[in-house]
């Protein structure tokens, strides 16, 4: 779920960089681009998921940046702050629950076949 949220935040980051001309958004985008764009030069090569690991800190920066932009300026003085803070906390709680759910797979634990099938959400994962 964090990867999907980070991908969405990258799209929003591009829009923010173009619209607001925020240099911080451009810095994060350039870091992700430096890690990903070279792989587009070799479309015939197989790309494995672990190739994206060097980009992970920058994807998390993008996600954090967009969460920061979601919270209204002025902090707790803003009337929209409590509702948006609740949404951010709920989002982070869902991330923790989903991460705990997939932890047996990520850590290589032995689990029953039914537990494995419960974690195969997309057919290409099996």
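Residue numbers (my numbering): 9 to 134.
We put the CB at the ideal spot given by N, CA and C, even for glycine.
As the structure is a computational prediction, the values presented were derived from the model and not from experiment.
Residue i and residue j: beta carbons closer than 8 Å?
i	j	result
residue 89	residue 98	no
residue 15	residue 36	no
residue 21	residue 33	yes
residue 113	residue 127	yes
Leaving out five residues before and five after residue i in sequence, what residues of the same chain have Cβ atoms less than 6 Å from its Cβ?
i	result
residue 10	103
residue 43	62, 63
Quick one, which of the options has its alpha-carbon nearest residue i's?
i	options	result
residue 63	17, 39, 74, 54	39
residue 76	87, 58, 96	96
residue 18	56, 118, 65, 131	65
So, at 8 Å on beta carbons, what are the nonlocal neighbours of residue i in its own chain, with the 5 sequence-adjacent residues on each side left out?
i	result
residue 92	78, 79, 80
residue 86	80
Which word fits residue i, buried or exposed, when buried means at least 16 other C-beta atoms lie within 10 angstroms of its C-beta?
i	result
residue 67	buried
residue 133	exposed
residue 55	exposed
residue 73	buried
Excluding sequence positions up to five away, which residues of its chain have a Cβ less than 7 Å from the Cβ of residue i?
i	result
residue 25	33, 34, 37
residue 83	89
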